[in-house]
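Numbering (the working numbering), first residue to last: 5 to 142. Where is the CB? At the ideal position from N, CA and C, for every residue including glycine. Quantities reported herein were computed from a predicted structural model and do not represent experimental measurements. First up is the structure itself, then whatever we jot down about it.
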């Protein structure tokens, strides 16, 4: 039986991604990375997506309190091998320790844009017209 390649991540990928996210969050919380850019900000790990072979972990992070979010992500990518070594203790059960890649999490920005659009006068007017037409039919 062949599996569809267009389906979402497998249950295993999701479970391992969540384990890696917890281990990564704990490592970042301890403040073991000596880098002024990372030390001056709090880094929230919102999601970790694993590759199908579980050898690459893409961590989506949101730096809080940093002036330049991209600088924090670049610093994390520079220290990816160090972080990999620190996380390895918490992920002993894995056959291969994944390579870390850090990306800026823009999902919160997207949520804010959608929320702003929904509150716009044009959408409110359209929603209001839809309610009035329902009342007219009764």
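Applying the criterion that 16 or more other CB atoms from any shown protein chain within 10 Å of the CB defines a buried residue, is residue 21 buried or exposed?
-> Counting from one through the chain shown, the residue named residue 21 turns up at place 17. Answer is buried; the Cβ neighbour count reaches 16.
Beta-carbon spacing of residue 65, residue 113 below 8 Å = Here residue 65 corresponds to residue number 61 of the chain shown, with the count starting at 1. Here residue 113 corresponds to residue number 109 of the chain shown, with the count starting at 1. Not closer than 8 Å, so no.
Reference residue 19, options 103, 54 and 127, closest by Cα = Position 15 of the chain shown holds residue 19. Taking residue 19 as reference, the option from 103, 54 and 127 with the minimal CA-CA separation is 54.
Could you tell me how far apart the beta carbons of residue 25 and residue 49 are, in whole angstroms, since I believe they sit closer than 8 Å?
-> Indexing the chain shown from 1 puts residue 25 at position 21. Indexing the chain shown from 1 puts residue 49 at position 45. Sure, about 5 Å apart at Cβ, within 8 Å.
Cα-Cα, which of 104, 77, 44 and 118 is closest to residue 90?
-> Position 86 of the chain shown holds residue 90. The shortest C-alpha to C-alpha distance from residue 90 to any of 104, 77, 44 and 118 is the one to 104.
Should residue 95 and residue 63 be called a contact, given that it needs their Cβ atoms to be closer than 8 Å?
-> Looking up residue 95 in the chain shown gives position 91. Looking up residue 63 in the chain shown gives position 59. Not closer than 8 Å, so no.
When 74, 118 and 15 are compared against residue 45, the one with the closest alpha-carbon = On the chain shown, position 41 is the one that residue 45 refers to. Among 74, 118 and 15, the Cα nearest to that of residue 45 is on 74.
Three-state secondary structure (DSSP) of residue 54 | In the chain shown, the residue the question calls residue 54 occupies position 50. Reduced to three states, the DSSP call for residue 54 is strand.
Using only alpha-carbon positions, find the residue among 120, 34, 97 and 58 that is nearest to residue 15.
-> Position 11 of the chain shown, counting from 1, holds the residue named residue 15. Nearest option by C-alpha distance: 58.
Across which residues does DSSP place residue 67 in a beta bridge pair?
-> Translated into the one-based positions of the chain shown, residue 67 becomes position 63. Answer is 47.
To the nearest angstrom, report how far apart residue 33 and residue 118 are at their CA atoms.
-> Within the chain shown, residue 33 is the residue found at index 29, counting from 1. Within the chain shown, residue 118 is the residue found at index 114, counting from 1. The straight-line gap from Cα to Cα measures roughly 31 Å.
With 16 as the cutoff for other CB atoms within 10 Å, does residue 125 come out buried or exposed?
-> Locating residue 125 in the chain shown gives position 121, where the first residue counts as 1. With fewer than 16 Cβ atoms within 10 Å of its Cβ, residue 125 is classed as exposed.
Enumerate in chain order the residues of its own chain whose CB-to-CB distance from residue 127 is below 8 Å, with the five nearest sequence positions on each side excluded.
-> Counting from one through the chain shown, the residue named residue 127 turns up at place 123. Taken in chain order, the residues that qualify are 121.
Apart from the five residues on each side of it in sequence, which residues of its chain come closer than 6 Å, Cβ to Cβ, to residue 47?
-> As a first step, residue 47 is located in the chain shown; it is residue number 43 there, counting from the start. So the list reads 32, 65 and 67, once near-sequence residues are dropped.
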